[in-house]
Amino acid sequence: MSSRRLWRRITPLLAAGALALAATACSSGGNDASVATASSAAAPTGTLRLGYFPNLTHAAAIYGLDQGIFAAKLGAGVKIETSTFNSGTQEAEAILSGALDAGYIGPNPAVNTFVKSKGAALRIISGATSGGAGLVVKSGITSVDQLRGKVIASPGLANTQDVALRYYLKQHGLATDKNGGGDVQIRPQDNAVTVDAFKSGAIDGAWVPEPALSRMVADGGKLLVDEASQWPDGKFVTTLLVVRTDYAQSHPEIVRRLVAANVASIDALGADPAKGQQVTNQGLAKLSGKPLADTVIAPAWQRLTFTPDPVASSLVTSADHAQELGLTTKANLDGIFDLTTLNALLKTQGKDSVASK
(Lines of atoms letter the chains of each structure in order from A and count residues from 1; the text may use other names and numbers.)
(Lines give C-alpha, C1' and ligand atoms only; values in the text may rest on other atoms or scores of the structure.)
Protein backbone atom coordinates (compact mmCIF):
# COMPACT_ATOMS: atom_id res chain seq x y z
CA MET A 1 0.00 0.00 0.00
CA SER A 2 1.41 3.46 -0.86
CA SER A 3 2.03 6.02 1.87
CA ARG A 4 -0.46 8.33 0.16
CA ARG A 5 -3.24 5.73 0.30
CA LEU A 6 -2.35 4.74 3.84
CA TRP A 7 -2.31 8.36 4.96
CA ARG A 8 -5.91 8.84 3.75
CA ARG A 9 -6.97 5.88 5.86
CA ILE A 10 -5.20 6.85 9.07
CA THR A 11 -7.38 8.03 11.93
CA PRO A 12 -5.70 11.03 13.58
CA LEU A 13 -6.29 9.90 17.15
CA LEU A 14 -5.13 6.82 18.96
CA ALA A 15 -7.95 4.45 19.79
CA ALA A 16 -8.80 4.76 23.46
CA GLY A 17 -8.64 1.04 24.11
CA ALA A 18 -5.17 0.68 22.62
CA LEU A 19 -3.94 3.69 24.55
CA ALA A 20 -5.26 2.28 27.79
CA LEU A 21 -3.55 -1.02 27.11
CA ALA A 22 -0.29 0.77 26.35
CA ALA A 23 -0.57 2.93 29.45
CA THR A 24 -0.83 -0.05 31.78
CA ALA A 25 2.29 -1.43 30.15
CA CYS A 26 4.40 1.69 30.70
CA SER A 27 7.12 2.17 33.26
CA SER A 28 9.98 4.66 33.37
CA GLY A 29 13.71 4.12 33.10
CA GLY A 30 15.96 2.07 30.85
CA ASN A 31 14.79 -1.31 32.12
CA ASP A 32 11.21 -1.04 30.84
CA ALA A 33 9.76 -4.54 30.78
CA SER A 34 7.57 -3.65 27.80
CA VAL A 35 10.22 -4.95 25.41
CA ALA A 36 11.22 -8.41 26.54
CA THR A 37 14.78 -9.63 26.04
CA ALA A 38 14.28 -13.34 26.47
CA SER A 39 13.95 -15.44 23.34
CA SER A 40 10.89 -17.64 23.18
CA ALA A 41 11.26 -21.34 22.52
CA ALA A 42 9.00 -21.24 19.49
CA ALA A 43 9.41 -19.09 16.40
CA PRO A 44 6.94 -16.20 16.49
CA THR A 45 3.97 -15.77 14.20
CA GLY A 46 2.07 -12.64 13.32
CA THR A 47 2.33 -9.45 11.29
CA LEU A 48 4.76 -6.57 11.67
CA ARG A 49 3.69 -3.29 10.05
CA LEU A 50 6.91 -1.33 9.60
CA GLY A 51 7.29 2.28 8.45
CA TYR A 52 10.30 4.12 7.06
CA PHE A 53 11.30 6.94 4.67
CA PRO A 54 12.78 6.74 1.15
CA ASN A 55 15.83 8.56 2.54
CA LEU A 56 19.49 7.59 2.83
CA THR A 57 19.16 8.21 6.55
CA HIS A 58 16.81 5.19 6.61
CA ALA A 59 19.34 2.96 4.87
CA ALA A 60 19.16 0.34 7.65
CA ALA A 61 15.54 -0.32 6.67
CA ILE A 62 16.04 -0.05 2.91
CA TYR A 63 19.13 -2.28 2.84
CA GLY A 64 17.87 -4.79 5.38
CA LEU A 65 14.54 -5.29 3.63
CA ASP A 66 16.14 -5.55 0.19
CA GLN A 67 18.76 -8.07 1.31
CA GLY A 68 16.31 -10.24 3.21
CA ILE A 69 17.87 -9.53 6.60
CA PHE A 70 14.55 -8.65 8.21
CA ALA A 71 12.80 -11.67 6.71
CA ALA A 72 15.56 -14.00 7.89
CA LYS A 73 15.75 -12.60 11.42
CA LEU A 74 11.99 -12.38 11.95
CA GLY A 75 11.34 -15.85 10.54
CA ALA A 76 8.88 -17.35 8.12
CA GLY A 77 6.01 -17.02 10.58
CA VAL A 78 6.12 -13.22 10.58
CA LYS A 79 4.55 -11.29 7.71
CA ILE A 80 6.24 -7.92 7.14
CA GLU A 81 4.03 -5.15 5.78
CA THR A 82 5.92 -1.96 4.92
CA SER A 83 4.79 1.62 4.32
CA THR A 84 6.90 4.60 3.34
CA PHE A 85 6.37 8.19 4.45
CA ASN A 86 7.69 11.58 3.41
CA SER A 87 7.64 13.19 6.85
CA GLY A 88 7.94 12.27 10.48
CA THR A 89 4.62 13.98 11.16
CA GLN A 90 2.80 11.53 8.87
CA GLU A 91 4.54 8.50 10.33
CA ALA A 92 3.95 9.70 13.89
CA GLU A 93 0.21 9.92 13.23
CA ALA A 94 0.31 6.42 11.77
CA ILE A 95 1.91 5.15 14.95
CA LEU A 96 -0.55 7.01 17.16
CA SER A 97 -3.56 5.75 15.23
CA GLY A 98 -2.39 2.15 15.39
CA ALA A 99 -1.73 1.88 11.65
CA LEU A 100 1.93 0.96 12.30
CA ASP A 101 3.53 -1.38 14.81
CA ALA A 102 7.08 -0.08 14.49
CA GLY A 103 9.02 2.38 12.39
CA TYR A 104 12.15 4.30 11.58
CA ILE A 105 11.60 7.92 12.49
CA GLY A 106 13.40 11.10 13.52
CA PRO A 107 13.91 12.07 17.17
CA ASN A 108 11.49 14.99 17.34
CA PRO A 109 8.48 13.13 15.89
CA ALA A 110 9.28 10.29 18.29
CA VAL A 111 9.32 12.72 21.21
CA ASN A 112 6.13 14.44 20.06
CA THR A 113 4.34 11.09 19.79
CA PHE A 114 5.53 10.01 23.22
CA VAL A 115 4.42 13.29 24.80
CA LYS A 116 1.10 13.43 22.94
CA SER A 117 0.21 9.98 24.26
CA LYS A 118 1.38 10.88 27.79
CA GLY A 119 4.19 8.35 27.49
CA ALA A 120 1.97 5.48 26.46
CA ALA A 121 2.31 5.04 22.71
CA LEU A 122 5.89 4.09 21.92
CA ARG A 123 9.38 3.20 23.03
CA ILE A 124 12.70 3.91 21.31
CA ILE A 125 14.39 0.53 21.02
CA SER A 126 17.46 1.37 18.93
CA GLY A 127 19.28 3.98 16.96
CA ALA A 128 19.83 3.63 13.21
CA THR A 129 21.64 6.65 11.77
CA SER A 130 23.66 9.60 12.99
CA GLY A 131 24.52 12.67 10.91
CA GLY A 132 23.55 13.56 7.37
CA ALA A 133 21.63 16.83 7.69
CA GLY A 134 22.31 20.52 7.23
CA LEU A 135 21.42 23.88 5.72
CA VAL A 136 21.94 24.26 1.96
CA VAL A 137 21.53 27.75 0.44
CA LYS A 138 21.98 29.56 -2.85
CA SER A 139 25.62 30.01 -3.74
CA GLY A 140 25.44 33.79 -3.26
CA ILE A 141 24.57 33.46 0.42
CA THR A 142 27.77 33.35 2.43
CA SER A 143 26.66 34.07 5.99
CA VAL A 144 23.70 33.56 8.31
CA ASP A 145 23.07 37.33 8.36
CA GLN A 146 22.11 37.16 4.68
CA LEU A 147 19.21 34.84 5.50
CA ARG A 148 17.08 37.73 6.74
CA GLY A 149 14.05 38.07 4.47
CA LYS A 150 14.77 34.76 2.75
CA VAL A 151 12.52 31.70 2.31
CA ILE A 152 14.01 28.54 3.79
CA ALA A 153 12.32 25.13 3.70
CA SER A 154 12.24 22.32 6.23
CA PRO A 155 10.69 18.82 6.01
CA GLY A 156 7.81 19.60 8.37
CA LEU A 157 6.77 21.84 11.25
CA ALA A 158 8.48 20.71 14.48
CA ASN A 159 10.26 17.85 12.75
CA THR A 160 13.92 17.20 13.59
CA GLN A 161 15.45 19.40 10.87
CA ASP A 162 12.81 22.10 11.38
CA VAL A 163 13.80 22.41 15.04
CA ALA A 164 17.50 22.47 14.15
CA LEU A 165 16.91 25.24 11.59
CA ARG A 166 14.79 27.42 13.85
CA TYR A 167 17.14 27.03 16.80
CA TYR A 168 20.17 27.89 14.66
CA LEU A 169 18.44 31.04 13.40
CA LYS A 170 17.42 32.01 16.94
CA GLN A 171 21.02 31.65 18.10
CA HIS A 172 21.95 34.19 15.44
CA GLY A 173 19.22 36.67 16.34
CA LEU A 174 16.77 35.75 13.57
CA ALA A 175 13.15 35.18 14.61
CA THR A 176 10.71 32.71 13.04
CA ASP A 177 7.13 31.69 13.74
CA LYS A 178 4.88 28.71 13.00
CA ASN A 179 3.02 30.57 10.24
CA GLY A 180 6.03 31.41 8.08
CA GLY A 181 6.53 34.92 9.45
CA GLY A 182 9.45 36.54 11.20
CA ASP A 183 12.90 37.49 9.99
CA VAL A 184 13.20 34.27 7.98
CA GLN A 185 10.20 32.60 6.35
CA ILE A 186 10.20 28.88 7.15
CA ARG A 187 8.28 26.79 4.62
CA PRO A 188 7.60 23.19 5.77
CA GLN A 189 7.24 20.85 2.78
CA ASP A 190 8.18 17.40 1.50
CA ASN A 191 11.87 16.97 0.67
CA ALA A 192 11.12 16.05 -2.95
CA VAL A 193 9.19 19.31 -3.35
CA THR A 194 12.03 21.20 -1.68
CA VAL A 195 14.64 19.92 -4.14
CA ASP A 196 12.55 21.02 -7.12
CA ALA A 197 11.66 24.34 -5.49
CA PHE A 198 15.33 25.09 -4.85
CA LYS A 199 16.28 24.22 -8.42
CA SER A 200 13.58 26.53 -9.78
CA GLY A 201 14.58 29.37 -7.44
CA ALA A 202 11.28 29.34 -5.50
CA ILE A 203 13.15 29.01 -2.18
CA ASP A 204 16.53 30.27 -1.04
CA GLY A 205 17.59 27.16 0.84
CA ALA A 206 16.55 24.36 3.16
CA TRP A 207 17.64 22.43 6.24
CA VAL A 208 17.20 18.84 5.05
CA PRO A 209 18.51 15.29 5.52
CA GLU A 210 20.30 13.20 2.93
CA PRO A 211 19.88 12.69 0.03
CA ALA A 212 18.00 16.00 -0.38
CA LEU A 213 21.04 17.84 0.99
CA SER A 214 23.47 16.50 -1.61
CA ARG A 215 20.89 16.81 -4.41
CA MET A 216 20.59 20.52 -3.65
CA VAL A 217 24.38 20.90 -3.58
CA ALA A 218 24.58 19.14 -6.95
CA ASP A 219 22.05 21.66 -8.26
CA GLY A 220 24.38 24.54 -7.41
CA GLY A 221 23.68 25.01 -3.72
CA LYS A 222 26.20 25.50 -0.95
CA LEU A 223 26.29 23.73 2.39
CA LEU A 224 26.21 26.70 4.75
CA VAL A 225 25.79 24.64 7.93
CA ASP A 226 26.63 20.97 8.41
CA GLU A 227 24.51 20.06 11.41
CA ALA A 228 27.36 17.96 12.79
CA SER A 229 29.16 21.23 13.55
CA GLN A 230 26.37 22.13 15.99
CA TRP A 231 26.84 19.09 18.26
CA PRO A 232 29.57 17.92 20.66
CA ASP A 233 31.89 15.51 18.82
CA GLY A 234 29.66 15.98 15.75
CA LYS A 235 27.26 13.29 16.98
CA PHE A 236 23.51 13.70 16.67
CA VAL A 237 20.80 11.17 15.99
CA THR A 238 18.96 11.40 12.68
CA THR A 239 16.96 8.18 12.63
CA LEU A 240 15.63 5.94 15.40
CA LEU A 241 13.80 2.62 15.53
CA VAL A 242 10.63 2.79 17.62
CA VAL A 243 7.88 0.34 18.52
CA ARG A 244 4.35 0.77 19.80
CA THR A 245 4.25 -0.16 23.48
CA ASP A 246 1.16 -2.32 23.20
CA TYR A 247 2.66 -4.21 20.24
CA ALA A 248 5.84 -4.87 22.23
CA GLN A 249 3.71 -6.26 25.05
CA SER A 250 1.82 -8.65 22.81
CA HIS A 251 4.71 -9.59 20.46
CA PRO A 252 7.94 -9.47 22.54
CA GLU A 253 9.76 -12.09 20.45
CA ILE A 254 8.99 -10.29 17.18
CA VAL A 255 10.33 -7.08 18.68
CA ARG A 256 13.46 -8.84 19.92
CA ARG A 257 14.05 -10.16 16.42
CA LEU A 258 13.32 -6.74 14.91
CA VAL A 259 16.12 -5.24 17.00
CA ALA A 260 18.41 -8.06 15.86
CA ALA A 261 17.52 -7.38 12.22
CA ASN A 262 18.23 -3.67 12.63
CA VAL A 263 21.65 -4.36 14.16
CA ALA A 264 22.47 -6.94 11.49
CA SER A 265 21.57 -4.48 8.73
CA ILE A 266 23.70 -1.76 10.33
CA ASP A 267 26.61 -4.19 10.66
CA ALA A 268 26.29 -5.14 6.98
CA LEU A 269 26.30 -1.48 5.93
CA GLY A 270 29.51 -0.98 7.89
CA ALA A 271 31.19 -4.16 6.70
CA ASP A 272 30.85 -3.32 3.00
CA PRO A 273 30.09 0.40 2.49
CA ALA A 274 30.33 0.15 -1.29
CA LYS A 275 27.72 -2.59 -1.45
CA GLY A 276 25.61 -0.79 1.14
CA GLN A 277 25.62 2.36 -0.95
CA GLN A 278 24.79 0.47 -4.15
CA VAL A 279 21.97 -1.61 -2.66
CA THR A 280 20.45 1.36 -0.85
CA ASN A 281 20.51 3.40 -4.05
CA GLN A 282 18.79 0.57 -5.90
CA GLY A 283 16.19 0.48 -3.14
CA LEU A 284 15.61 4.21 -3.46
CA ALA A 285 15.15 3.73 -7.20
CA LYS A 286 12.40 1.18 -6.55
CA LEU A 287 10.66 3.59 -4.18
CA SER A 288 11.06 6.83 -6.13
CA GLY A 289 11.44 5.69 -9.73
CA LYS A 290 15.12 6.46 -10.31
CA PRO A 291 18.47 6.05 -8.54
CA LEU A 292 20.56 8.90 -7.19
CA ALA A 293 23.41 10.15 -9.36
CA ASP A 294 26.93 9.19 -8.23
CA THR A 295 27.64 12.89 -7.67
CA VAL A 296 24.82 12.89 -5.11
CA ILE A 297 25.06 9.60 -3.29
CA ALA A 298 28.85 9.48 -2.89
CA PRO A 299 29.20 12.69 -0.81
CA ALA A 300 25.92 11.99 1.00
CA TRP A 301 27.10 8.56 2.12
CA GLN A 302 30.22 10.08 3.66
CA ARG A 303 28.12 12.26 5.99
CA LEU A 304 26.21 9.30 7.45
CA THR A 305 27.11 7.03 10.35
CA PHE A 306 24.99 3.91 10.72
CA THR A 307 24.84 2.95 14.37
CA PRO A 308 22.42 1.35 16.85
CA ASP A 309 23.41 4.05 19.35
CA PRO A 310 20.43 6.45 19.61
CA VAL A 311 22.75 9.25 20.79
CA ALA A 312 20.21 9.87 23.55
CA SER A 313 21.76 13.13 24.71
CA SER A 314 21.11 14.76 21.32
CA LEU A 315 17.46 13.70 21.42
CA VAL A 316 16.96 15.25 24.85
CA THR A 317 18.71 18.45 23.77
CA SER A 318 16.66 18.69 20.59
CA ALA A 319 13.47 18.26 22.64
CA ASP A 320 14.62 21.12 24.88
CA HIS A 321 15.22 23.26 21.79
CA ALA A 322 11.71 22.56 20.47
CA GLN A 323 10.26 23.62 23.82
CA GLU A 324 12.38 26.78 23.88
CA LEU A 325 11.12 27.64 20.40
CA GLY A 326 7.51 27.25 21.50
CA LEU A 327 6.90 24.30 19.19
CA THR A 328 6.14 21.89 22.04
CA THR A 329 5.26 22.04 25.71
CA LYS A 330 7.56 20.90 28.48
CA ALA A 331 8.17 17.21 28.00
CA ASN A 332 8.75 14.48 30.56
CA LEU A 333 10.75 11.92 28.62
CA ASP A 334 11.17 9.38 31.43
CA GLY A 335 10.72 5.95 29.90
CA ILE A 336 10.96 6.95 26.24
CA PHE A 337 14.02 4.72 25.81
CA ASP A 338 13.91 0.96 26.26
CA LEU A 339 17.33 -0.26 25.21
CA THR A 340 17.23 -3.45 27.27
CA THR A 341 16.87 -5.75 24.27
CA LEU A 342 19.47 -3.86 22.26
CA ASN A 343 22.08 -3.87 25.02
CA ALA A 344 21.51 -7.56 25.72
CA LEU A 345 22.16 -8.28 22.04
CA LEU A 346 25.24 -6.04 21.92
CA LYS A 347 26.62 -7.82 24.99
CA THR A 348 26.32 -11.22 23.31
CA GLN A 349 28.25 -9.75 20.35
CA GLY A 350 31.01 -8.39 22.58
CA LYS A 351 30.09 -4.77 21.83
CA ASP A 352 29.73 -1.82 24.18
CA SER A 353 26.28 -1.01 25.51
CA VAL A 354 24.57 2.25 24.57
CA ALA A 355 23.23 4.83 26.99
CA SER A 356 19.66 6.05 27.41
CA LYS A 357 20.69 9.47 28.73
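Its first residue numbered 31, the sequence shown is counted upward by one per residue in the numbering used here. Backbone N, C-alpha and C define an ideal beta-carbon position, used for all residues, glycine too.
Legend entry - 3-residue-minimum beta strand (DSSP E) runs that sit fully inside the stretch 305 to 387, ordered along the chain: Secondary structure within the stretch 305 to 387: the beta strand (DSSP E) runs of 3 or more consecutive residues, fully enclosed, are 334 to 336 (chain order).
Inset, instruction - Would you identify the three-state DSSP class for V238, choosing helix, strand or coil? - result: V238 falls in the strand class under three-state DSSP.
Inset, instruction - Report yes if the CB atom of A132 is closer than 8 Å to the CB atom of R333, and no otherwise. - result: Cβ atoms of A132 and R333: not closer than 8 Å.
Legend entry - Check whether L108 and P74 have beta carbons under 8 Å apart: A small fix is needed here, since residue 108 is Val in this sequence, not Leu. Yes, the Cβ-Cβ distance between V108 and P74 is below 8 Å.
Legend entry - Close beta carbons around A205, own chain, < 6 Å, minus the five adjacent residues each side: Result list for A205: G212 and D213, in chain order.
Inset, instruction - Would you identify the three-state DSSP class for Q279, choosing helix, strand or coil? - result: Helix, per DSSP.
Inset, instruction - Within the same chain, show all residues whose beta-carbon is closer than 6 Å to that of N311, passing over the 5 residues directly before and after it, in chain order. - result: Closer than 6 Å at Cβ, skipping near neighbours: P321, L322 and I327.
Legend entry - Inter-residue spacing [alpha-carbon to alpha-carbon] between P303 and G264: Whole-angstrom Cα-Cα distance: 20 Å.
Legend entry - Expected contact under 8 Å - CB spacing of M246 and V181 to nearest Å: Contact check for M246 and V181: beta-carbon distance about 14 Å, past the 8 Å limit, so the pair fails to qualify.
Legend entry - Spatial distance of D175 from D192 (CA atoms): Straight across, the Cα-Cα distance linking D175 with D192 is about 19 Å.
Legend entry - Rounded distance between the beta-carbons of L369 and S386, thought under 8 Å: Contact holds; Cβ gap of about 5 Å.
Legend entry - Nearest neighbour of D350, chosen from R217, P137 and L78 [CA to CA]: Among R217, P137 and L78, the Cα nearest to that of D350 belongs to P137.
Inset, instruction - Look up R217 in the DSSP assignment and say whether it is helix, strand or coil. - result: In the displayed model, R217 falls within a strand according to three-state DSSP.
Legend entry - As assigned by DSSP and simplified to three states, the class of T224: The answer is helix: DSSP assigns T224 an H, G or I state.
Legend entry - For A72 and L187, the rounded distance between their alpha carbons: A direct Cα-to-Cα measurement between L187 and A72 gives close to 44 Å.
Inset, instruction - Can you tell me which of the three DSSP states R153 falls into? - result: Correct three-state label for R153: strand.
Legend entry - Contact between the stretch 249 to 259 and the stretch 142 to 150 (3+ Cβ pairs under 8 Å): Contact annotation: the stretch 249 to 259 does not touch the stretch 142 to 150, with fewer than three C-beta pairs closer than 8 Å.
Inset, instruction - On the DSSP bridge assignment, give the partners of Y441 in chain order. - result: Residue coverage of the chain in this structure runs from 31 to 387, which leaves residue 441 outside it and unanswerable.
Inset, instruction - Classify L130 as helix, strand or coil using the three-state DSSP reduction. - result: Three-state result, L130: coil.
Inset, instruction - Would you check if the stretch 218 to 232 and the stretch 195 to 205 touch, i.e. whether three or more CB-CB distances between them fall below 8 Å? - result: Remark: fewer than three beta-carbon pairs, one from each stretch, lie closer than 8 Å, so the stretch 195 to 205 and the stretch 218 to 232 are not flagged as touching.
Legend entry - Range of the contiguous alpha helix (DSSP H) that encloses I99: Bounds of the alpha helix (DSSP H) holding I99 are I99 to L104.
Legend entry - Straight-line Cα distance separating F336 from L271: Whole-angstrom Cα-Cα distance: 12 Å.
Inset, instruction - Answer with buried or exposed for F367, where buried requires no fewer than 16 other C-beta atoms within 10 angstroms of its C-beta. - result: When all chains shown are included, F367 counts as buried.
Inset, instruction - Return helix, strand or coil for A290, following the three-state DSSP convention. - result: Annotated three-state conformation of A290 is helix, per DSSP.
Inset, instruction - Quickly, what does DSSP pair R274 with across the bridge? List them, please. - result: DSSP lists L152 as the bridge partner or partners of R274.
Legend entry - Which of helix, strand or coil DSSP assigns to S173: The answer is coil: DSSP assigns S173 none of H, G, I, E or B.
Legend entry - The alpha helix (DSSP H) enclosing G94, as first and last residue numbers: First-last of the alpha helix (DSSP H) with G94: A89 to D96.
Inset, instruction - Inspect the beta-carbon positions of L363 and V346 and report whether they are closer than 8 Å. - result: Yes. Within cutoff.
Inset, instruction - Grab me the residues of L243's own chain with a C-beta within less than 8 Å of its C-beta, minus the 5 sequence neighbours each way, in chain order. - result: The answer, listed in chain order, is G162, A163, G164, V166, L253, A330 and R333.
Inset, instruction - Starting from G250, follow its DSSP beta bridges and name the residues at the other end. - result: Bridge partners of G250: none, in fact.
Inset, instruction - Kindly indicate which residue of I155, D339, T159 and G179 has the alpha-carbon position closest to the one of Y286. - result: The sequence shown places Arg at residue 286, rather than the Tyr named in the question. It is I155.
Legend entry - Pick from L78, T77 and T87 that is closest to V267, judged by C-alpha positions: It is T87.
Legend entry - Under 8 Å between C-beta atoms of L299 and A89: With a cutoff of 8 Å on beta-carbon distance, L299 and A89 are scored as near each other.
Inset, instruction - Have a look at G210 and I216 and give me their C-alpha separation to the nearest angstrom. - result: Note on geometry: alpha-carbon atoms of G210 and I216 lie some 5 Å from one another.
Legend entry - Spatial distance of G94 from T359 (CA atoms): Rounded to the nearest angstrom, the gap between the Cα atoms of G94 and T359 is 36 Å.
Legend entry - Cut-off 8 Å between Cβ atoms - residues of its own chain near V389, not counting five sequence neighbours on either side: Given that the chain is displayed from residue 31 to residue 387, the structure contains no residue 389 and the question cannot be resolved.
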